[in-house]
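Visitor:
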Amino acid sequence: MLHRCGWVNTDPLYIRYHDEEWGVPVRDSRKLFELLCLEGAQAGLSWYTILKKREAYRVAFDGFDPGTVSRYGEEKLEELQNNPGIVRNRLKIRSVVRNAQAYLALEKEEGPFSDWIWAFTGGVPLVNHWTTQGDVPGRTELSDRLSKALQKRGFSFVGSTICYSFLQAAGLIDDHVETCFKRTGLIEE
263 MLHRCGWVNT
273 DPLYIRYHDE
283 EWGVPVRDSR
293 KLFELLCLEG
303 AQAGLSWYTI
313 LKKREAYRVA
323 FDGFDPGTVS
333 RYGEEKLEEL
343 QNNPGIVRNR
353 LKIRSVVRNA
363 QAYLALEKEE
373 GPFSDWIWAF
383 TGGVPLVNHW
393 TTQGDVPGRT
403 ELSDRLSKAL
413 QKRGFSFVGS
423 TICYSFLQAA
433 GLIDDHVETC
443 FKRTGLIEE
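Take 263 as the starting number for the sequence shown in this note's numbering and just add one per residue.
Here's what the structure looks like:
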């Protein structure tokens with residue numbers, strides 16, 4: 263039997279997410295944008311709730327294409343607020359549009375979003391060595407810095423805890439606990 267991180271439940275969807283996605287370094291700017299928006303949607307909820315709605319989010323938000331999302335008007339926002347496939351929180355929905363606009367402005371000034379994000383870790387994943395799930399923090403100095411930098415650039419729903427979850431999910435931080443089979447160096451990927 264494979265040992266996994268303690269947050270994984272028995273749903274095959276969640277197991278697959280842990281085994282194949284969580285903590286795997288993401289270098290694609292658009293995928294990073296999607297993850298950041300989905301982490302923002304998670305605020306006050308569980309990731310499991312958002313994961314079950316992820317495909318509906320992708321359809322509702324046009325594949326998280328920042329150029330398209332940045333131009334959403336009131337009619338589209340109303341449509342999204344009535345979409346039962348996503349979390350219908352008005353502020354969270356509007357934050358995706360705001361984040362798309364901020365993303366485009368950031369890329370215009372700094373270049374690829376991926377390069378800007380990965381610069382926070384020097385371009386390589388940071389590997390932590392947690393013994394138990396209880397050891398894993400909810401935020402760190404790094405997530406504080408990322409949160410402040412994103413907010414300064416106009417992003418919303420990017421508090422430090424959301425940013426830490428984003429860093430973990432996108433593989434900028436490897437927080438698989440020491441007993442997890444995905445622990446860096448325990449298996450060949």
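Note that the Cβ used here is the ideal one computed from N, Cα and C, for glycine as well. Note that the structure is predicted; figures quoted are calculated from it, not measured.
#1: Which one of Arg356, Arg401, Lys314 and Gly329 has the shortest CA to CA distance from glutamate 336?
#2: Taking only runs of the alpha helix (DSSP H) that begin and end inside the stretch 361 to 413, which ones reach a length of at least 4 residues, in chain order?
#3: Using 8 Å for Cβ pairs, my map puts arginine 407 next to phenylalanine 382. What's the rounded Cβ distance?
#4: According to DSSP, simplified to helix, strand and coil, what is aspartate 437?
#5: Determine, using beta carbons only, whether isoleucine 435 and glycine 285 come nearer to each other than 9 Å.
#6: With the cut-off set at 9 Å, would you say leucine 298 and asparagine 361 are in Cβ contact?
#7: Do the stretch 337 to 355 and the stretch 307 to 315 meet, that is, are 3 or more Cβ pairs less than 8 Å apart?
#8: According to the Cβ coordinates, are glycine 433 and valine 270 closer than 9 Å?
#9: Looking only at its own chain, which residues have a Cβ that is under 7 Å from the Cβ of leucine 448, when we skip the five neighbours before and after it?
#10: Quick check on alanine 367: buried or exposed, where buried means 16 or more other Cβ atoms within 10 Å of its Cβ?
#11: Secondary structure at serine 357, three-state DSSP: helix, strand or coil?
#12: Which residue's Cα is closest to the Cα of lysine 341: Gly329, Tyr319, Asp327 and Pro328?
Guide: Taking the coordinates as given:
#1: Arg356
#2: Runs found: 375 to 380.
#3: 7 Å
#4: coil
#5: yes
#6: Cβ distance < 9 Å, so leucine 298 and asparagine 361 count as in contact.
#7: yes
#8: no
#9: For leucine 448, the predicted model reports a pLDDT of 49, less than 50, meaning its position is unreliable; a value from the coordinates is still stated below. So no residue of the chain qualifies.
#10: exposed
#11: Per DSSP, reduced to three states, the secondary structure at serine 357 is helical.
#12: According to the sequence displayed, residue 341 carries glutamate and not lysine. Comparing alpha carbon positions, the residue from Gly329, Tyr319, Asp327 and Pro328 closest to glutamate 341 is Tyr319.
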